[in-house]
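Everything below concerns the one structure shown next.
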Amino acid sequence: MPKKLFIKTYGCQMNVYDSARMTDTLAPIGYEPTDSPDGADMVILNTCHIREKAAEKVYSDIGRLKPFKEKKTAEGEQMILAVAGCVAQAEGAEIMRRAPAVDMVFGPQTYHRLPELVAKATREKAIGKSAVLDTDFPLESKFDLLPEESRSQGPAAFLTIQEGCDKFCTFCVVPYTRGAEFSRSVEEIENEARRMVALGTKEITLLGQNVNAFHGEKSGREIGLGDLIRYLSEIDGLERIRFTTSHPSDMADDLYEAFANEPKLMPYFHLPVQAGSDKILAAMNRTHTADEYRRIVDRLRAACEDLAMSGDFIVGFPGETDQDFAETLRLVTDINYAAAYSFKYSPRPGTPAASSELQVDEAVKSERLAMLQTLLNEQQLAFNLSKVGTRMSVLLEREGKRPGQLVGRSPFMQSVHLEAPSRLVGSIAEVEVIDAKANSIEAKVITGEWETSVVDAA
Ligand code: SAH
Ligand code: SF4
Ligand code: F3S
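In terms of our numbering, the sequence shown is numbered consecutively and its last residue is 532.
The following block contains the structure:
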């Protein structure tokens, strides 16, 4: 009987990738994924430390899992409860103190040791010892030790190519939780991408905390992210490539060229800017000005006319005045985003900005966030509406909520709803956009191998 593994993933796409790889690591010792913690033999919470809310959620989830664990014990079995990811890395010892129900705590760089950790946790728990902790930054790389075998992530999949960050933005925990910047080898990435495509993946999103800082070597030459994208485009059956997340200070010529020349690279670029005031950007240690960011976007749009821009914003960073915030609104107006993520500044333990005496009042943060989001939502709706009546390709990712409905992604990352038979999940459809809302667009299929079947289904 296979043992049941339930993983809950918080935070960024890198955690989604890591959770998939944890599943692969545990498969050889008999664990199969399941979609409920009820009855599971192992539950892993793959956590995020980026903002206070995200980190606190973990403790309430541990509380919610306790009855499942007790039920398992009452049945004479064991549920191993593990906390992984960035909260584990940042506050491993505290988790063990605050939550005795937890059996295992391990960070983002040690999950290749999972089989050993499981054996150890099972042993130690049997003799009443406390939880097993592994938050090393090991000398060996997990990527060299993870199994090659993997389960398919589906039509659209994530592939981590770079990890860690040396930027030390003054608000951010990532350099502490993920460690120093590191790029995987080109060969390893190409092999993993080929295996994904063989398992049915059509779209790969290349991941890294600073993905455009990726650097590698191919045929004796130093290459960057844009070159890597060009090499990956040569893989037959891989139809679409995306990447996230980038830093404005790591823009290089090969990436602009990829947007100009590589049809498989989708016309969507998530380039966080955080703020529009140079004073705040400097205090954040972002290493570029607002005008430098504007020039990057101009050059990108010159390379790729139809590029959808997306960004991340923080409001209420220590010392942000009304004037500074107005600069953020001005930058947003200048760029005209197709999508964006915006947050209230959340002081994080151990980061320089957290100890600043210039903290902004919570009510002011809320007010600024509401204003910013109103503007960003207007831009997103306008972008979606601008596509009504146009044709585009959509990767059909899954079935929708309504019967006969499928959900996919446009080249511009928009969520697309359309009517088509469910066997078409995993294929790419040519569609015409017929309606748009703030968070999704509606389309009808116009061509493709399934054209007749769509007519049949109607
Ligand atoms: N590597 C990515 C960042 C990942 S964190 C990058 O450089 O863009 C994702 C986003 O969370 C950041 O872009 C930022 O907007 C937000 N964020 C990070 N730390 C934060 C904090 N302390 N408070 C509020 N938002 C934060
Ligand atoms: Fe955090 Fe800045 Fe690094 Fe992004 S670049 S992960 S925001 S420190
Ligand atoms: Fe969160 Fe860690 Fe990602 S802190 S955003 S899960 S790198």
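Note that the Cβ used here is the ideal one computed from N, Cα and C, for glycine as well. Keep in mind that this is a model prediction, so the values were computed, not measured.
- residue 178 versus residue 261: straight-line alpha-carbon distance, rounded: Here the question's residue 178 lines up with position 104 in the sequence shown. Here the question's residue 261 lines up with position 187 in the sequence shown. CA-CA distance, residue 178 to residue 261, rounds to 33 Å.
- Whole beta strand (DSSP E) runs in the stretch 189-241 with 3 or more residues, listed along the chain? When DSSP assignments are scanned along the stretch 189-241, the uninterrupted stretches of beta strand (DSSP E) that are 3 or more residues long and fall wholly within it turn out to be 206-208 and 230-234.
- Any chance the CB of residue 422 is under 7 Å from a heavy atom of the ligand SAH? Position 348 of the sequence shown holds residue 422. Distances from the CB of residue 422 to the heavy atoms of the ligand SAH include at least one below 7 Å.
- Tell me where the alpha helix (DSSP H) around residue 356 begins and ends. The count along the sequence shown starts at 1 and reaches residue 356 at position 282. Residue 356 -> alpha helix (DSSP H) spans 352-357.
- Query: Any heavy atom of the ligand SF4 closer than 7 Å to the CB of residue 289?
  - Reply: Counting from one through the sequence shown, the residue named residue 289 turns up at place 215. Residue 289: no, Cβ never under 7 Å from the ligand SF4.
- Distance, Cα to Cα, residue 435 vs residue 391? Within the sequence shown, numbered from 1, the residue matching residue 435 stands at position 361. Within the sequence shown, numbered from 1, the residue matching residue 391 stands at position 317. Cα to Cα, residue 435 sits roughly 10 Å from residue 391.
- Query: Excluding sequence positions up to five away, which residues of its chain have a Cβ less than 8 Å from the Cβ of residue 226?
  - Reply: In the sequence shown, residue 226 corresponds to position 152, counting from 1. Only 270, 273, 274 and 275 meet the Cβ criterion.
- Looking at residue 123 and the ligand F3S, is the gap between the Cβ and the nearest heavy atom below 7 Å? Taking the first residue of the sequence shown as 1, we reach residue 123 at position 49. Yes; taking the cut-off as 7 Å, the Cβ of residue 123 has a heavy atom of the ligand F3S nearer than that.
- Looking at C-beta atoms only, is the number of pairs between the stretch 110-124 and the stretch 75-91 that lie closer than 8 Å three or more? With the rule of 3 Cβ pairs closer than 8 Å, the stretch 110-124 counts as touching the stretch 75-91.
- Item | Proximity winner among 255, 211, 281 and 132, relative to residue 263 (alpha-carbon distances) | Residue 263 sits at position 189 when you count from the first residue of the sequence shown. With distances taken between Cα atoms, residue 263 lies closest to 281.
- Task: Take every Cβ of the stretch 432-452, pair it with every Cβ of the stretch 365-382, and state whether three or more of those distances are shorter than 8 Å.
- Result: When C-beta atoms of the stretch 432-452 are compared with those of the stretch 365-382, fewer than three pairs fall below 8 Å, so the two segments do not count as touching.
- Sort out for me which residues DSSP pairs residue 185 with in a bridge. Counting from 1 along the sequence shown, the entry for residue 185 is found at position 111. Residue 185 has no beta-bridge partner at all, per DSSP.
- Query: What number of angstroms, rounded off, separates the C-alpha of residue 426 from the C-alpha of residue 75?
  - Reply: Residue numbering aside, residue 426 sits at position 352 when the sequence shown is read from its first letter. Residue numbering aside, residue 75 sits at position 1 when the sequence shown is read from its first letter. Each residue's Cα considered, the two are about 50 Å apart.
- Task: Could you have a look at residue 285 and say whether DSSP puts it in helix, strand or coil?
- Result: For the purposes of this step, residue 285 is taken as the residue at position 211 of the sequence shown. Here residue 285 sits in helix by DSSP.
- Would you report the Cα separation of residue 230 and residue 482, rounded to the nearest angstrom? Position 156 of the sequence shown, counted from the first residue, corresponds to residue 230. Position 408 of the sequence shown, counted from the first residue, corresponds to residue 482. A straight-line Cα-Cα distance of about 10 Å links residue 230 and residue 482.
- Taking the alpha-carbon positions, what's the residue 342 to residue 496 distance? Position 268 of the sequence shown, counted from the first residue, corresponds to residue 342. Position 422 of the sequence shown, counted from the first residue, corresponds to residue 496. About 27 Å.
- Message: Let's test the definition: count the other Cβ atoms within 10 Å of the Cβ of residue 365 and tell me whether it reaches 16, buried, or not, exposed.
- Response: The residue labelled residue 365 in the question sits at position 291 within the sequence shown. Residue 365 counts as exposed, since fewer than 16 other beta carbons sit within 10 angstroms of its beta carbon.
- Message: Going by DSSP in three states, residue 447 sits in which element: helix, strand or coil?
- Response: Counted from its first residue, the sequence shown places residue 447 at position 373. Under the three-state reduction of DSSP output, residue 447 falls in the helix class.
- Query: Would you say the stretch 99-110 touches the stretch 123-140, given that touching needs at least three Cβ pairs under 8 Å?
  - Reply: They do not touch, by the three-pair rule.
- Query: At a cut of 8 Å, does the stretch 296-312 reach the stretch 342-354 through at least three beta carbon pairs?
  - Reply: No: the two stretches stay apart, fewer than three of their Cβ pairs being nearer than 8 Å.
- If you run the structure through DSSP and keep just helix, strand and coil, what is residue 435? Your numbering for residue 435 matches position 361 in the sequence shown. Residue state, collapsed to three classes: coil.
- Query: Residues in its own chain within less than 7 Å of residue 520 by CB, not counting five upstream and five downstream?
  - Reply: By one-based count along the sequence shown, residue 520 stands at place 446. Within the same chain, residue 520 has close Cβ partners 465, 504, 505 and 506.
- Task: Would you mind working out which of 207, 433 and 234 sits nearest residue 288, comparing C-alpha positions?
- Result: On the sequence shown, residue 288 is found 214 positions in, with the first residue counted as 1. In this structure, 234 is the residue among 207, 433 and 234 with its C-alpha nearest to the C-alpha of residue 288.
- Message: As a quick exercise: from 500, 454 and 514, pick the residue whose alpha carbon is nearest that of residue 228.
- Response: Along the sequence shown, one-based indexing puts residue 228 at 154. Per the Cα distances, 500.
- Query: So residue 518 and residue 502 are in contact, right, with Cβ under 8 Å, and what is the actual spacing, rounded?
  - Reply: On the sequence shown, residue 518 is found 444 positions in, with the first residue counted as 1. On the sequence shown, residue 502 is found 428 positions in, with the first residue counted as 1. Under the criterion of beta carbons closer than 8 Å, residue 518 and residue 502 do not qualify as touching, at roughly 15 Å.
- Task: Assuming residue 251 and residue 160 form a contact by the criterion Cβ under 8 Å, report the distance between their Cβ atoms to the nearest whole angstrom.
- Result: To locate residue 251, count along the sequence shown from 1; it is residue 177. To locate residue 160, count along the sequence shown from 1; it is residue 86. Indeed they touch by this definition, with Cβ atoms about 4 Å apart.
- With residue 139 as the anchor, note down where its beta strand (DSSP E) starts and where it stops. Here residue 139 refers to the residue found at position 65 of the sequence shown. Run containing residue 139: none in the beta strand (DSSP E); it sits in the alpha helix (DSSP H), 126-148.
- Query: When burial is assigned at 16 or more other CB atoms within 10 Å of the CB, is residue 397 buried or exposed?
  - Reply: In the sequence shown, residue 397 corresponds to position 323, counting from 1. It is exposed - the Cβ of residue 397 has fewer than 16 other Cβ atoms within 10 Å.
- Message: To the nearest angstrom, how far is the alpha carbon of residue 106 from that of residue 385?
- Response: Here residue 106 corresponds to residue number 32 of the sequence shown, with the count starting at 1. Here residue 385 corresponds to residue number 311 of the sequence shown, with the count starting at 1. Their Cα atoms are separated by approximately 37 Å.
- Task: Compare the C-alpha of residue 113 against each of 189, 93, 163 and 142 and name the closest.
- Result: By 1-based counting over the sequence shown, the position of residue 113 is 39. Considering only alpha carbons, the answer is 142.
- Closer than 7 Å: residue 285 CB and nearest the ligand F3S heavy atom: Residue numbering aside, residue 285 sits at position 211 when the sequence shown is read from its first letter. Because no heavy atom of the ligand F3S lies under 7 Å away, the Cβ of residue 285 does not count as near it: no.
- Query: In whole angstroms, what separates the C-alpha of residue 135 from that of residue 170?
  - Reply: Position 61 of the sequence shown holds residue 135. Position 96 of the sequence shown holds residue 170. Residue 135 and residue 170: Cα-Cα distance of roughly 15 Å.
- Should residue 317 be counted as a contact of the ligand SF4 given a C-beta to heavy atom distance under 7 Å? One-based indexing of the sequence shown puts residue 317 at position 243. The answer is no for residue 317.
- Item | For residue 410, the three-state DSSP class (helix, strand or coil) | Position 336 of the sequence shown, counted from the first residue, corresponds to residue 410. It is coil, neither helix nor strand.
- Compute the Euclidean distance between the alpha carbons of residue 368 and residue 492, then round it to the nearest angstrom. Residue numbering aside, residue 368 sits at position 294 when the sequence shown is read from its first letter. Residue numbering aside, residue 492 sits at position 418 when the sequence shown is read from its first letter. Spanning the two alpha carbons is a distance of roughly 35 Å.
- Item | Per-residue DSSP class, three states only, for residue 80 | One-based indexing of the sequence shown puts residue 80 at position 6. DSSP places residue 80 in strand when its eight states are reduced to three.
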